[in-house]
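To keep things clear, I will list the structure first and then write my remarks on it.
2 protein chains.
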Amino acid sequence: MAFDNLGPRELRVLQNLVMHYIQTADPVGSRVIANRYRMGLSPATIRNTMQDLEELGLVRQPHTSAGRIPTDSGYRVFVDLLLRPEPLTEAEQKKIKSLIAGTNRGLDALLTQTSKILGEISSQLGISISPRFEEGVLTRIDLIPVSEGRLLVIVAVKSGLAQTILMEVESDIDVDELRQMESLLNERLTGLSLGHIRKTVNERLADTSCSPRLLKLFLDTDSEIWNDQGEEKLHFTGVDKLFSQPEFAERSRLAELVRVLEEQSGLIETIKTKSIGEGIVITIGRENQMTEMQSCSIVASKYQAGKVTGTIGIIGPTRMPYSKLVSIVEYTARSLTEALSDEKKDNG
Amino acid sequence: MAFDNLGPRELRVLQNLVMHYIQTADPVGSRVIANRYRMGLSPATIRNTMQDLEELGLVRQPHTSAGRIPTDSGYRVFVDLLLRPEPLTEAEQKKIKSLIAGTNRGLDALLTQTSKILGEISSQLGISISPRFEEGVLTRIDLIPVSEGRLLVIVAVKSGLAQTILMEVESDIDVDELRQMESLLNERLTGLSLGHIRKTVNERLADTSCSPRLLKLFLDTDSEIWNDQGEEKLHFTGVDKLFSQPEFAERSRLAELVRVLEEQSGLIETIKTKSIGEGIVITIGRENQMTEMQSCSIVASKYQAGKVTGTIGIIGPTRMPYSKLVSIVEYTARSLTEALSDEKKDNG
DNA sequence: AATTGGCAATCTCTCCGCCAGAGTGCTAAA
DNA sequence: TTTAGCACTCTGGCGGAGAGATTGCCAATT
Numbered sequence: 090m091a092f093d094n095l096g097p098r099e100l101r102v103l104q105n106l107v108m109h110y111i112q113t114a115d116p117v118g119s120r121v122i123a124n125r126y127r128m129g130l131s132p133a134t135i136r137n138t139m140q141d142l143e144e145l146g147l148v149r150q151p152h153t154s155a156g157r158i159p160t161d162s163g164y165r166v167f168v169d170l171l172l173r174p175e176p177l178t179e180a181e182q183k184k185i186k187s188l189i190a191g192t193n194r195g196l197d198a199l200l201t202q203t204s205k206i207l208g209e210i211s212s213q214l215g216i217s218i219s220p221r222f223e224e225g226v227l228t229r230i231d232l233i234p235v236s237e238g239r240l241l242v243i244v245a246v247k248s249g250l251a252q253t254i255l256m257e258v259e260s261d262i263d264v265d266e267l268r269q270m271e272s273l274l275n276e277r278l279t280g281l282s283l284g285h286i287r288k289t290v291n292e293r294l295a296d297t298s299c300s301p302r303l304l305k306l307f308l309d310t311d312s313e314i315w316n317d318q319g320e321e322k323l324h325f326t327g328v329d330k331l332f333s334q335p336e337f338a339e340r341s342r343l344a345e346l347v348r349v350l351e352e353q354s355g356l357i358e359t360i361k362t363k364s365i366g367e368g369i370v371i372t373i374g375r376e377n378q379m380t381e382m383q384s385c386s387i388v389a390s391k392y393q394a395g396k397v398t399g400t401i402g403i404i405g406p407t408r409m410p411y412s413k414l415v416s417i418v419e420y421t422a423r424s425l426t427e428a429l430s431d432e433k434k435d436n437g
Numbered sequence: 090m091a092f093d094n095l096g097p098r099e100l101r102v103l104q105n106l107v108m109h110y111i112q113t114a115d116p117v118g119s120r121v122i123a124n125r126y127r128m129g130l131s132p133a134t135i136r137n138t139m140q141d142l143e144e145l146g147l148v149r150q151p152h153t154s155a156g157r158i159p160t161d162s163g164y165r166v167f168v169d170l171l172l173r174p175e176p177l178t179e180a181e182q183k184k185i186k187s188l189i190a191g192t193n194r195g196l197d198a199l200l201t202q203t204s205k206i207l208g209e210i211s212s213q214l215g216i217s218i219s220p221r222f223e224e225g226v227l228t229r230i231d232l233i234p235v236s237e238g239r240l241l242v243i244v245a246v247k248s249g250l251a252q253t254i255l256m257e258v259e260s261d262i263d264v265d266e267l268r269q270m271e272s273l274l275n276e277r278l279t280g281l282s283l284g285h286i287r288k289t290v291n292e293r294l295a296d297t298s299c300s301p302r303l304l305k306l307f308l309d310t311d312s313e314i315w316n317d318q319g320e321e322k323l324h325f326t327g328v329d330k331l332f333s334q335p336e337f338a339e340r341s342r343l344a345e346l347v348r349v350l351e352e353q354s355g356l357i358e359t360i361k362t363k364s365i366g367e368g369i370v371i372t373i374g375r376e377n378q379m380t381e382m383q384s385c386s387i388v389a390s391k392y393q394a395g396k397v398t399g400t401i402g403i404i405g406p407t408r409m410p411y412s413k414l415v416s417i418v419e420y421t422a423r424s425l426t427e428a429l430s431d432e433k434k435d436n437g
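Sequence order for the protein chains is A and B.
For the first sequence, the numbering used here assigns the number 90 to the initial residue and increments by one for each residue that follows.
For the second sequence, the numbering used here assigns the number 90 to the initial residue and increments by one for each residue that follows.
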């Protein structure tokens, strides 16, 4: 929809209305806008403008004698046309940086930490999604026998990421065979991306003298080693923050949201399809595919770990402080990317 | 407190009262017990017994003209003296086994999965705590350079567990030196427990020709490599289940619980100190140290992965179906231990 | 002595009507 | 085009009334 035909008065009224509603969570009346925001107009005039905005579908009344609240479209116009990112304070920047830098237990812990930071600083729900390893470049692969019938496979990928897979194997595997297999894999596959390996592993390991029993574990292109199906994980922290939000007064709505969060896969899918582009992506209310999310907004951004990319973001009610959240997500994504980058930041 | 002086009548009334209250969440009146449970006594008689139980502090009235509900002590007597574990159905057993067996992405994923199973089957909150690696026996240690200034250390422990640590190092490390260091570590330390290593690493690596810069990373006994501080993680699934429970009608109470869950460390500590013994440990309401947990009960059990032990459990309101939950936790813990045991279960 | 029926008393919960408060839409005036 | 005035509408809180449930106690019964 084109809302370019909105006059400056309409825009200002919308802006003030959205900002005030974000703060108070109460429907905003004409008097508040006229007085508190010093527009130099009487409430009656504001009322007329508000009627126009209502006809355009940007605001609505919960009931006849209440003030107005923004619709999803109203928030959309606010975000697209009126949003001014509110910069982070020094303290906030410091906090984000130091908490990210202080975590060195591997990717999983780092992402948990990141979601925690986002949740705390935003007072909303912070989320982070681990990257797909598809594009990750293999650094090393280890085969470690852990017991008679089981094998621990550790796949290390550039940028310090690693995933471990526990495999069931036929019980009698010779240690020497295993060593041989291991060096073969490392020789022929390191430096390639996992996705590439999956497609070409058959050819690359064709002429080999290895134990065929062992070999077939790695030739299976559906194997979880090269495939990252189900590998993506959604971390989230800050559910308690949402409890105090009036839009989650009915228990069922928050319960639904939590169920979706715990279920993981559906939400991961929708977030990923949304945030294909660069930079911050904001999804508002009904713009969400999932019905359980249609009273929520998501502010998301990608982060990078070498060639591999994942997503972080914030979830909250559509009435969320977008101006602040945009800055938080943007800065956190950048910090995370930095922490995961191959170059050390300050190698002076 | 000794409640051995309770007569069989008192016990039966208490039992029926608790069982009925667990089902309905409504205060139980004398008539319900007399009629529905066919005790062959009139409501008036039951009333007298109930007064006795109230004087003993086992039940209480929410207000003058309501039925009775169990107190924490009441549940305690129920659990200690009257509980009959309700066996799992075939289907439930199958579900638990197969979901545990179907997860082979390493310990973290397995524990997430376990908490999910517990949550689903119990319709309560399922939790799992990763084990301390203190007692874990080192199988292998890998040093993988990931970028100029960083080193990925993978510590593999018996039973297929592995943890990865990302370390900052001085930027110019020779690959050969690294290899040398790696084999040295593997030669001298595999087969020992991490706790043991931490204490003796200084002597064990004393006479060495390795690069001292590298060496000092591993001699630092506070280093996160041998130390598992902060390594323990609490996984939880099923928060949405608690929303429908009437005891969490006030939002703040559930919010507090979630905050504690997300904060991790405090809860981990209390659960660990409680469940030192073998078998199922049940903690009821006020018996919990943490104030936020005092309207909740925990049914917990240990599981083992070789020499390493962790805890799983279920959290819910004190009004929870103990009979069923005991069986669920017990069976799941056993299945998990089995899945993590060194022996393959069915190597026939 | 234990059990039971009867009964007044107590407390909650829900429904209903009432009223104050807030904000609108419309109309007429500036 | 803007504003003041005014009737209208809807919500939310308060209080009282009445139904329902369950108790405690007492006197009667087994």
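Glycine residues also receive a C-beta, built at the ideal position from the N, C-alpha and C atoms.
Next item on the list: Determine the closest residue to Leu304/A out of Leu331/A, Glu352/A, Gln269/A and Val166/A, with distance taken between C-alpha atoms.
Entry: Residue numbering aside, residue 304/A sits at position 215 when the first sequence is read from its first letter. Measuring from the Cα of Leu304/A, the nearest candidate turns out to be Gln269/A.
Item checked: Proximity winner among Gly395/B, Glu257/B and Gln213/B, relative to Asp329/B (alpha-carbon distances) -> On the second sequence, residue 329/B is found 240 positions in, with the first residue counted as 1. When each option's Cα is compared against that of Asp329/B, the closest is Gln213/B.
Checklist line | 3-residue-minimum beta strand (DSSP E) runs that sit fully inside the stretch 286-369 of chain A, ordered along the chain | finding: 323-326
Notebook entry, point to check: Taking 8 Å as the CB-CB cut-off, is Asp231/A touching chain B?
Noted result: The count along the first sequence starts at 1 and reaches residue 231/A at position 142. With 8 Å as the cut-off, Asp231/A counts as an interface residue toward chain B.
Checklist line | Terminal residues of the beta strand (DSSP E) in which Met256/A lies | finding: What you label residue 256/A is simply residue 167 of the first sequence in a count that begins at 1. Note, Met256/A: beta strand (DSSP E), Leu250 to Glu257.
Note to self: Helix, strand or coil for Ser119/A? Go by DSSP, reduced to three states.
What the structure shows: For the purposes of this step, residue 119/A is taken as the residue at position 30 of the first sequence. Ser119/A falls in the helix class under three-state DSSP.
Margin query: Between Gly195/B and chain A, is any beta-carbon pair separated by less than 8 Å?
Written below: Numbered from its first residue, the second sequence carries residue 195/B at position 106. So yes, Gly195/B belongs to the interface.
Next item on the list: Return the residue from the list Leu103/A, Ile111/A, His109/A and Arg287/A that minimises the CA-CA distance to Arg136/A.
Entry: Your numbering for residue 136/A matches position 47 in the first sequence. When each option's Cα is compared against that of Arg136/A, the closest is Leu103/A.
Checklist line | Cβ-based neighbour list, Pro335/B, same chain, cut-off 6 Å, excluding 5 preceding and 5 following | finding: Taking the second sequence and counting its residues from 1, one reaches residue 335/B at position 246. Ala114, listed in sequence order.
Item checked: Per-residue DSSP class, three states only, for Arg173/A -> Here residue 173/A is taken as the residue at index 84 of the first sequence, counted from 1. Three-state DSSP puts Arg173/A in coil, outside helix and strand.
Checklist line | Interface partners of Glu438/A on chain B, CB under 9 Å | finding: In this structure chain A extends from 90 to 437, so residue 438/A is not present and cannot be described.
Margin query: Here's the rule: buried if 16 or more other CB atoms are within 10 angstroms of the residue's CB, otherwise exposed. What is Val264/A?
Written below: One-based indexing of the first sequence puts residue 264/A at position 175. With fewer than 16 Cβ atoms within 10 Å of its Cβ, Val264/A is classed as exposed.
Note to self: Is Gln182/B near the ligand COA - that is, is its Cβ less than 7 Å away from at least one heavy atom of it?
What the structure shows: Ligands in the displayed structure: none, and consequently the ligand COA is not present.
Check: For the alpha helix (DSSP H) that contains Ser162/A, what are its first and last residues?
Finding: Here residue 162/A is taken as the residue at index 73 of the first sequence, counted from 1. Per DSSP, Ser162/A belongs to the alpha helix (DSSP H) from Asp161 to Val166.
Next item on the list: With 8 Å as the limit, tell me which residues of the stretch 265-281 of chain B have their beta carbon closer than that to any beta carbon of chain A; keep them in chain order.
Entry: none
Next item on the list: Reducing DSSP to helix, strand and coil, say where Arg423/B ends up.
Entry: In the second sequence, residue 423/B corresponds to position 334, counting from 1. Reduced to three states, the DSSP call for Arg423/B is helix.
Next item on the list: Determine the contact status of Leu267/B and Val244/B, defining contact as a CB-CB distance below 8 Å.
Entry: Counted from its first residue, the second sequence places residue 267/B at position 178. Counted from its first residue, the second sequence places residue 244/B at position 155. Their beta carbons are not under 8 Å apart, which means Leu267/B does not touch Val244/B by this criterion.
Check: For Glu432/A, which three-state DSSP category applies?
Finding: Within the first sequence, residue 432/A is the residue found at index 343, counting from 1. Confidence at Glu432/A is low in this model, with a pLDDT of 46, below 50, so its placement is unreliable and the value that follows should be read with caution. It is coil, neither helix nor strand.
Notebook entry, point to check: Are the C-beta of Glu351/A and some C-beta of chain B separated by less than 8 Å?
Noted result: Indexing the first sequence from 1 puts residue 351/A at position 262. Output row for Glu351/A: interface = yes.
Note to self: Does the stretch 119-131 of chain B come into contact with the stretch 159-176 of chain B, if we say contact requires no fewer than three beta-carbon pairs (one atom in each stretch) closer than 8 Å?
What the structure shows: no
Checklist line | Boundaries (first-last residue) of the beta strand (DSSP E) holding Lys247/A | finding: The sequence position of residue 247/A within the first sequence is 158, counting from 1. Segment: none, Lys247/A is in no beta strand (DSSP E) and carries neither H nor E.
Item checked: 7 Å Cβ shell around Ala123/B - same chain, five flanking residues per side excluded -> If you number the second sequence from 1, residue 123/B lands on position 34. Around Ala123/B: Leu130, Ser131, Pro132 and Ile135.
Next item on the list: State the DSSP-derived secondary structure class of Asp506/B, mapped to helix, strand or coil.
Entry: Since the first residue shown for chain B is 90 and the last is 437, residue 506/B is missing from the structure and cannot be characterised.
Margin query: Can you give me the C-alpha to C-alpha distance between Pro406/A and Thr160/A, rounded to a whole angstrom?
Written below: Taking the first sequence and counting its residues from 1, one reaches residue 406/A at position 317. Taking the first sequence and counting its residues from 1, one reaches residue 160/A at position 71. The alpha-carbon atoms of Pro406/A and Thr160/A are separated by roughly 12 Å.
Check: What's the call for Glu358/B, buried or exposed, on a 16-neighbour Cβ count within 10 Å?
Finding: Position 269 of the second sequence holds residue 358/B. Glu358/B is exposed by the Cβ-count criterion.
Item checked: 8 Å Cβ cutoff, Asp261/B in contact with chain A -> The residue given as residue 261/B occupies position 172 in the second sequence. It does not; no Cβ of chain A falls within 8 Å.
Item checked: Distance, Tyr110/A Cα to Gln140/A Cα -> Here residue 140/A corresponds to residue number 51 of the first sequence, with the count starting at 1. Here residue 110/A corresponds to residue number 21 of the first sequence, with the count starting at 1. Whole-angstrom Cα-Cα distance: 17 Å.
Checklist line | Contacting residues, own chain, Cβ-Cβ under 8 Å from Gly280/B (five flanking each side not counted) | finding: Along the second sequence, one-based indexing puts residue 280/B at 191. Result list for Gly280/B: Val226 and Leu227, in chain order.
Check: Taking Cβ positions only, does Arg340/B come closer than 8 Å to chain A?
Finding: Position 251 of the second sequence, counted from the first residue, corresponds to residue 340/B. Closer than 8 Å to some Cβ of chain A, the Cβ of Arg340/B qualifies, so yes.
Margin query: At a CB distance below 7 Å, what residues from the stretch 180-211 of chain A approach chain B? Give them in sequence order.
Written below: Asn193, Arg194, Gly195 and Asp197
Next item on the list: Grab the span of the alpha helix (DSSP H) containing Leu103/B for me, first residue to last.
Entry: Locating residue 103/B in the second sequence gives position 14, counting from the first residue. Segment Pro97 to Thr113, the alpha helix (DSSP H) holding Leu103/B.
Check: In angstroms, rounded to a whole number, what distance separates the CA positions of Lys433/B and Arg239/A?
Finding: In the second sequence, the residue the question calls residue 433/B occupies position 344. In the first sequence, the residue the question calls residue 239/A occupies position 150. Model confidence at Lys433/B stands at a pLDDT of 44, short of 50, so the residue's coordinates are unreliable; what they give is reported in the following sentence. Distance between the alpha carbons of Lys433/B and Arg239/A is about 8 Å.
Notebook entry, point to check: If we ignore side chains and look at the alpha-carbon of each, how far apart do Val418/A and Ser119/A end up?
Noted result: Position 329 of the first sequence, counted from the first residue, corresponds to residue 418/A. Position 30 of the first sequence, counted from the first residue, corresponds to residue 119/A. Cα to Cα, the separation comes out at about 33 Å.
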